[in-house]
Amino acid sequence: MEHLYGFVFFIFGLVIGSFLNVCAYRIPKSESIAYPPSHCPSCGSDVRPIDNIPVLSYILLGGRCGSCRERISPKYPIIELLTGLLWVSSYYRFGLGMELPYALFFITTLILLSAIDFDTKTIPNKILLPATAFSVLLLLPYFTGLTTPPIVAGMDATDAAIGFLAGGGFLYAVAMLAPLIFKKEAMGGGDIKLAAFIGLYLGGYVMLALFIGFFLGAVVGVVLISRNRERSQEMIPFGPFLAGGSVITLFFGPRIWHAYLSFSGLL
């Protein structure tokens, strides 16, 4: 039965991922996410239901529009598959307890914001601010002690508040100091607010998420620059890396921290 539930969560995740693709494409353009129906951005033809099956339709169509045969970006099936995998992983990690809806909302929001940041290099307030406010409402029972859904082991209301301030505060400091040191902007306001949002869920572990995010961003940046020197001055969106560090921390944060303390002889 456990694996049946896992399969259901995977399928639901694929469907949610498909919807996130619509949101990521339309919301930055201030378009309705409900109307018109899904359509090809090249020829404008409606996507047939048979051609709108997450991941599978992309494979069967060879990555092209079913009408005009224009190539479809692989980011769409990637987001669908990523969402499906993270949904099923959340189920296996947190079970069907109170932690699961918190984790799913957190992860789904991160995927959407990352997809938009990757395309537009912006993290829209119209998504992030309502998501932050909704998260506070979600966590109110937790804050008042009525229930305890610690999606990261050992968290309490104080940790969530500290995480909110530490995440946003640290990136704000980076944003202020970077122009003085590197003579260019290194952090946008959206990244600062995203870090604060993440801190609500990860508490003090938000600092670990930031470290992992910086590390992932540095690795990808070095690879891109080594392949094309002209891209060295391009702004690389930090949101996807921060989201990646946050998901890793969500699943493995306490283990990583414990391993670090053991390795350094502090435990």
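Each residue of the sequence shown is one higher than the one before, starting from 632 at the first, in the working numbering. In this text, a Cβ means the ideal position worked out from N, Cα and C, and glycines have one as well. Since the structure is predicted, the reported quantities are computational estimates derived from the model, not experimental observations.
Taking DSSP's pairing of strands, which residues face residue i in a bridge?
i: D677; result: H670
i: R910; result: The chain is shown from 632 up to 898; residue 910 falls before or after that span and cannot be answered.
Measure the alpha-carbon distance for residue i versus residue j and round it to whole angstroms.
i: A655; j: I812; result: 34 Å
i: L635; j: F845; result: 37 Å
i: V678; j: K706; result: 17 Å
i: G852; j: A806; result: 18 Å
i: A840; j: L771; result: 23 Å
i: G728; j: L808; result: 42 Å
i: A849; j: M632; result: 42 Å
i: G794; j: P885; result: 15 Å
i: A874; j: S661; result: 24 Å
i: Y591; j: P810; result: With the chain covering only 632 through 898, there is no way to say anything about residue 591.
i: S698; j: E711; result: 22 Å
i: L645; j: E816; result: 36 Å
i: F737; j: Y832; result: 8 Å
Should residue i go down as buried or exposed, given a rule of 16 or more other Cβ atoms within 10 Å for buried?
i: P891; result: First, the residue type needs correcting, since residue 891 is Tyr and not Pro in the sequence shown. Counting Cβ neighbours within 10 Å, Y891 comes out exposed, since fewer than 16 surround it.
i: G675; result: exposed
i: K824; result: buried
i: T789; result: exposed
i: V719; result: buried
i: A734; result: buried
Kindly give me the distance between the Cβ atoms of residue i and residue j, rounded to whole angstroms, as I take these residues to be in contact under 8 Å.
i: P574; j: S649; result: Lying before the first or after the last residue shown, residue 574 is absent from the chain, which here runs from 632 to 898.
i: S688; j: D682; result: 5 Å
When DSSP labels each residue in this structure, what does residue i get in the three-state scheme?
i: M818; result: coil
i: M632; result: coil
i: P810; result: helix
i: N859; result: coil
i: G648; result: helix
i: K752; result: coil
i: E662; result: coil
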